[in-house]
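Visitor: Encoded as C-alpha cells, here's the structure I'll be asking about.
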Amino acid sequence: MSVEFVRQAQAKGIKYFLISFTDLFGVVRSKLAPLSAMEDMIEEGAGFAGFAAHLDMTPAHPDMFAMPEIDRMIQLPWKPEVGWVPSDVHMDGKVVEHGPRATLKRVLETAESSGYSVMSGVEPEFFVLSPDGESLADPSDIRGKPCYDQQALMRRYDLISEICDAMLSLEWEPYQNDHEDANGQFEMNWGFSDALTTADRHTFFKIMVKSLAEKHGLRATFMPKPMPLLTGNGCHVHLSLWSRGGENQMKGQGELGLSELAYHCIGGLLSNARSVALITNPVVNSYKRINAPRTHSGATWSPNTVTYGGNNRTHMIRIPGDNRIEVRLADGAANPYLLQAAVAAASLDGIKSKADPGKRLDIDMYAESASAVDAPKLPLNMLDAIRLFEEAGMPREYFGEEFCTALAKLKNDEWNEYMRHFSAWERENALDI
Ligand SMILES: [Mg+2]
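Numbering (the numbering used here), first residue to last: 18 to 450.
See the structure below:
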C-alpha cells in the first residue's frame with residue numbers, strides 16, 4: 018500500500034472502508050475493512066461467497082472478490098471516518114461477467130468504441146415513512162395535490178438539507194429539492210455526469226437517503242409503488258451522447274432542435290423498451306406503478322405505453338430541451354448500474370439500426386391514449402417482462418449471454434417465489450366460489 022494512500026486517508030480522517038458491490042437485484046453488499054488491511058484488499062479484493070448475494074452462483078463456487086476502485090471512493094459525509102468504495106466482482110482471477118457494474122462498463126466501452134461518451138443524470142424519487150414502513154411519517158401531509166408543497170417540504174427540512182449539504186460537500190452540484198406528487202414523497206436533483214459516475218452516485222445516494230432517514234428516526238423507500246393510491250417512485254433518466262471531443266451530439270437541426278442521432282436514440286429506446294423493462298422496472302411491485310389507475314393527485318406520472326412526445330410528461334420519453342432526452346420508464350427499484358446499461362444499450366442499438374421513432378405524439382396520453390391505437394403496451398407484470406427480456410436479441414448483444422442467463426434465471430426464481438405467496442385478495446375472491 019502506498020505511503021501516499023495511507024497519508025491521504027489519515028488526512029481525511031478515514032479509518033474504515035466499505036468495499037461494496039451491487040448484486041443483480043440492486044442490493045449493496047459490503048465488507049468493512051480497517052485502513053491497516055487495505056493493502057491486501059486493494060491487491061486481492063474483499064472475499065465474499067457469491068451465492069449469498071443475488072448472483073448466479075452456487076454454494077460450491079469458490080471465493081468471489083470485490084476489487085475496490087479506490088479512485089472512486091466516496092467519504093460518508095455523515096460518518097467521515099468511513100470511505101465507501103465501489104467494486105467489480107472477480108472470480109478465479111477474472112471479472113464476473115454478470116456483475117452489474119462490469120456489465121455497465123462493457124456497454125459504455127461499446128459506446129466509446131463507436132465514438133460516444135454516455136452522459137446521464139437521474140431523478141430518484143423516494144417516500145419518507147414511519148420506521149416500520151407502514152405509514153407516511155408526516156401525518157399532516159394530506160393535501161390532495163401535494164406536489165411542491167412548501168409546508169410539507171419544510172417540515173422535512175432537517176433531513177432534506179442534511180442530504181443536500183452532503184451532496185454539496187461531495188461536489189455533486191445539487192441544485193434543487195422538492196416535495197413530489199405523492200404525500201410523503203420527495204425528489205432531490207444533482208448534476209449529470211458520465212454514466213458510470215452517475216451509477217456510482219445513484220447507488221450512494223440511495224444508501225445516503227436511507228441512512229440519514231434512519232438517523233432522523235424515519236424510513237426512506239424507493240419502492241416503486243409503496244402506497245396503492247398515491248403516485249409511485251419513478252427514476253427518470255436524462256440522457257445525452259457526447260463526442261470524444263466533448264461536444265453534445267444530441268443538438269441538431271431536427272424537430273425541437275435535436276439531431277438525427279438523438280432521434281435514432283429515441284427510436285432505439287422505443288423499440289427496446291419492452292425488452293429492457295425487466296431492468297428498468299425490475300420487481301413485482303413495479304407493474305403497480307406503470308399500470309396504475311389514476312392516483313389521488315390526478316395523474317400517475319408514469320407511462321404505460323411506449324410513446325414519445327415533446328415537453329410532455331405523459332409519454333415514456335419526453336424531450337425537455339434541445340440537449341437531451343428524458344426516459345421516464347424506470348422506477349426506484351431499478352439497479353443503478355443496470356439502469357444506465359439498459360438506457361445506453363437501447364440508444365446504441367437505435368443508432369446502429371438507424372431506428373426511426375416516427376412522429377412524436379402531441380397528445381395527453383392520460384386523457385387521449387385511446388387515439389394512440391398503435392402504441393405498444395408496456396408489460397403488465399414481471400412475468401411478461403421476464404419473457405420479453407428472454408425473447409429479445411438486443412440484451413444478449415449488448416449485455417452478454419452470461420448476464421442475460423443469470424438475470425433471467427434469478428428473476429424467474431423470484432417470480433416463482435412470489436407465486437407461492439398467498440394474498441388476502443385471493444381468499445376474498447375465491448373462498449366462496
Ligand atoms: Mg419527479
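All C-beta atoms in this analysis are idealised placements derived from N, C-alpha and C, irrespective of residue type, glycine included.
State the CB to CB distance for the pair Lys428 and Leu295, rounded to an integer number of angstroms; the pair is presumed to be in contact (CB under 8 Å).
Guide: About 6 Å separates the two Cβ atoms, so the contact holds.
Visitor: Select from Glu21, Arg306 and Gly410 the residue whose C-alpha is nearest the C-alpha of Leu397.
Guide: The shortest C-alpha separation from Leu397 is found at Arg306.
Visitor: Starting from Val102 and walking both ways along the beta strand (DSSP E), at which residues does that stretch end?
Guide: Residues Val99 to Met108.
Visitor: Looking at Leu52: is its Cβ nearer than 7 Å to the Cβ of Leu35?
Guide: Their beta carbons are not under 7 Å apart, which means Leu52 does not touch Leu35 by this criterion.
Visitor: Per DSSP, what kind of secondary structure is Pro85 in: helix, strand or coil?
Guide: Strand, per DSSP.
Visitor: With a Cβ-Cβ cutoff of 7 Å, do Met74 and Gly67 count as a contact?
Guide: For Met74 and Gly67, yes; Cβs fall inside 7 Å.
Visitor: So, using beta-carbon positions, are Thr137 and Ala70 closer together than 7 Å?
Guide: With the sequence shown as reference, residue 137 is identified as Ser, and Thr is not the correct amino acid for it. For Ser137 and Ala70, no; Cβs fall outside 7 Å.
Visitor: Put Ala63 into one of helix, strand or coil per three-state DSSP.
Guide: Strand, per DSSP.
Visitor: Take Ser144 and list the residues in its own chain whose beta-carbon comes closer than 6 Å to its own, dropping the five residues that flank it on each side.
Guide: The amino acid occupying residue 144 in the given sequence is Phe; Ser does not appear at that position. Once the five neighbours on either side are set aside, the close Cβ partners of Phe144 are Gly201, Gln202, Thr238 and Pro243.
Visitor: Using 8 Å as the Cβ pair cut-off and three pairs as the minimum, do the region 397 to 412 and the region 342 to 354 touch?
Guide: With a cut-off of 8 Å, the region 342 to 354 and the region 397 to 412 do not count as touching, because too few Cβ pairs lie within range.
Visitor: Excluding the five sequence neighbours on either side, which residues of its own chain have a C-beta within less than 7 Å of the C-beta of Asp149, listed in chain order?
Guide: Answer for Asp149: no residue qualifies.
Visitor: My assumption, with CB atoms under 8 Å, is that Ser319 sits in contact with Gly161. Please give the rounded CB distance.
Guide: About 19 Å; that fails the 8 Å criterion.
Visitor: Just the C-alpha distance for Asp88 and Val360, rounded to the nearest angstrom, thanks.
Guide: Distance between the alpha carbons of Asp88 and Val360: 25 Å.
Visitor: Does the distance between the C-beta of Glu142 and the nearest non-hydrogen atom of ligand 1 fall short of 6 Å?
Guide: Yes, the Cβ of Glu142 comes within 6 Å of a heavy atom of ligand 1.
Visitor: Any idea what DSSP makes of Asn194, helix, strand or coil?
Guide: In the structure shown, Asn194 sits in a strand (DSSP, three-state: E or B).
Visitor: Ignoring anything shorter than 3 residues, give me the beta strand (DSSP E) runs that lie fully in the region 235 to 309, in order along the chain.
Guide: DSSP runs (the beta strand (DSSP E)) wholly in the region 235 to 309: 236 to 238 and 252 to 260.
Visitor: In terms of DSSP beta bridges, what is Gly138 paired with?
Guide: According to DSSP, which records beta bridges pairwise, Gly138 is partnered with His255.
Visitor: Near Arg236, which residues of its chain fall below 7 Å by C-beta distance, leaving aside the five closest residues on each side in sequence?
Guide: Leu146, Ser147, Pro148, Gly150 and Ala230, listed in sequence order.
Visitor: Quick check: is any heavy atom of ligand 1 less than 6 Å from the C-beta of Glu204?
Guide: Yes, the beta carbon of Glu204 sits closer than 6 Å to at least one heavy atom of ligand 1.
Visitor: Hey, would you say the C-beta of Glu197 is under 6 Å away from at least one heavy atom of ligand 1?
Guide: Checking the Cβ of Glu197 against ligand 1 gives yes.
Visitor: Work out the CA separation of Asp366 and Asp401 for me, nearest whole Å.
Guide: Asp401 and Asp366: Cα-Cα distance of roughly 22 Å.
Visitor: Mind checking who Gly34 pairs with in its DSSP beta bridge?
Guide: Here residue 34 turns out to be Phe, not Gly, going by the sequence shown. Note: Phe34 sits in a beta bridge opposite Ala50 and Gly100.
Visitor: Can Leu258 and Tyr133 be called in contact, C-beta distance under 7 Å?
Guide: Yes, Cβ-Cβ distance for Leu258 and Tyr133 is below 7 Å.
Visitor: Would you give the residue range spanned by the alpha helix (DSSP H) that Glu179 belongs to?
Guide: Element bounds for Glu179: Tyr174 to Ser186.
Visitor: Would you please state the rounded distance, in angstroms, between the beta carbons of Met399 and Val323? I believe it to be under 8 Å.
Guide: Going by Cβ atoms, the distance from Met399 to Val323 rounds to 18 Å, so no, they are not a contact pair.
Visitor: Of all the options Glu385, Leu286, Ala351 and Gln357, which has the alpha carbon lying nearest to the alpha carbon of Thr331?
Guide: Of the candidates Glu385, Leu286, Ala351 and Gln357, the one whose C-alpha sits nearest the C-alpha of Thr331 is Glu385.
Visitor: Which same chain residues end up closer than 6 Å to Phe42 when comparing Cβ atoms and leaving out the 5 residues on each side of it in sequence?
Guide: Within the same chain, Phe42 has close Cβ partners His71.
Visitor: Could you pull the start and end residues of the alpha helix (DSSP H) that Glu231 belongs to?
Guide: Per DSSP, Glu231 belongs to the alpha helix (DSSP H) from Ala212 to Lys232.
Visitor: Taking C-alpha atoms, which residue in His281, Asp175, Asn206 and Arg172 lies nearest to Glu188?
Guide: Here the closest residue by C-alpha is Asn206.
Visitor: To the nearest angstrom, report how far apart Ala154 and Asp198 are at their CA atoms.
Guide: Rounded to the nearest angstrom, the two C-alpha atoms are 16 Å apart.
Visitor: Do you know whose CA, among Tyr192, Tyr415, Asn302 and Gly284, lies nearest Tyr435's CA?
Guide: When each option's Cα is compared against that of Tyr435, the closest is Asn302.
Visitor: Looking at Ala104: is its Cβ nearer than 7 Å to the Cβ of Ala119?
Guide: First, the amino acid is wrong: residue 104 is Ser here, not Ala. Result no, Cβ atoms of Ser104 and Ala119 do not sit closer than 7 Å.
Visitor: Do Val102 and Pro85 have their C-beta atoms within less than 7 Å of each other?
Guide: Yes.
Visitor: With Met74 as the anchor, note down where its beta strand (DSSP E) starts and where it stops.
Guide: No beta strand (DSSP E) holds Met74; DSSP gives it neither H nor E.
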